[in-house]
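J.:
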Amino acid sequence: HFRNTSDTKVEEYLKIFTFLSLNEIQQLMEIHRTKPHEYAAQIKLAKQITLLVHGEKGLESAIRSTQAMFAQNIDLLHNLTEKEIDGLSVSVPTIQMSLNP
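This is the structure in structure tokens:
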């Protein structure tokens, strides 16, 4: 969800929800202002909060899941654990189909 933070709120959220220094945040926001389409500030915010809440393994899992969903490379699904796949099925719209006509 933090990946979708608006440009107008991301700096405020970085200051409130992370332990990044003001200098780090200012540098990150400068990068973000020059290349907003890369979402550097939102990605950093999402990673920092995920790391804080879920730890290093949780962050690694979230990165694998995100890559599998958005990289348009079906081979990345092979890197996911069963738990990660179950988590994706909650986040992504799915349907069930019968193999019988």
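With the first letter of the sequence shown counted as 1, position 89 gets the number 175 in the numbering used here; the numbers rise by one all the way through. Glycine residues also receive a C-beta, built at the ideal position from the N, C-alpha and C atoms.
Does Ser-107 come out as helix, strand or coil in the three-state DSSP assignment?
T.: Looking up residue 107 in the sequence shown gives position 21. It is coil, neither helix nor strand.
J.: Out of Thr-152, Asn-186, Ser-184, state which residue places its alpha-carbon closest to the alpha-carbon of Ile-171.
T.: Looking up residue 171 in the sequence shown gives position 85. Considering only alpha carbons, the answer is Thr-152.
J.: Return the residue from the list Thr-91, Ala-148, Ser-107 that minimises the CA-CA distance to Leu-191.
T.: Here the chain has residues from 87 to 187 only, and residue 191 is not among them.
J.: Anyone know if the C-beta pair for Ala-127 and Leu-114 falls short of 8 Å?
T.: Reading the sequence shown from its first residue, position 41 is the one you call residue 127. Reading the sequence shown from its first residue, position 28 is the one you call residue 114. Against a cut-off of 8 Å, the Cβ pair of Leu-114 and Ala-127 comes out as a contact.
J.: If you check the beta carbons only, do Ala-148 and Leu-174 fall under 8 Å apart?
T.: Reading the sequence shown from its first residue, position 62 is the one you call residue 148. Reading the sequence shown from its first residue, position 88 is the one you call residue 174. No; because the gap between Cβ atoms is not below 8 Å, this pair is not in contact.
J.: Determine the extent of the alpha helix (DSSP H) in which Arg-150 is found, giving its start and end residues.
T.: Residue 150 sits at position 64 when you count from the first residue of the sequence shown. From DSSP, the alpha helix (DSSP H) with Arg-150 extends over 126–156.
J.: Can you give the beta carbon distance from Phe-45 to Ile-135, rounded, assuming they're within the 8 Å contact cut?
T.: For the chain, the structure presents residues 87 to 187; residue 45 sits outside this window and is missing.
J.: Here's the rule I'm using: 16 or more other beta-carbon atoms within 10 Å means buried, otherwise exposed. How should Leu-100 be labelled?
T.: Numbered from 1 along the sequence shown, position 14 holds the residue referred to as residue 100. The residue in question, Leu-100, is buried, as its Cβ has 16 or more Cβ neighbours within 10 Å.
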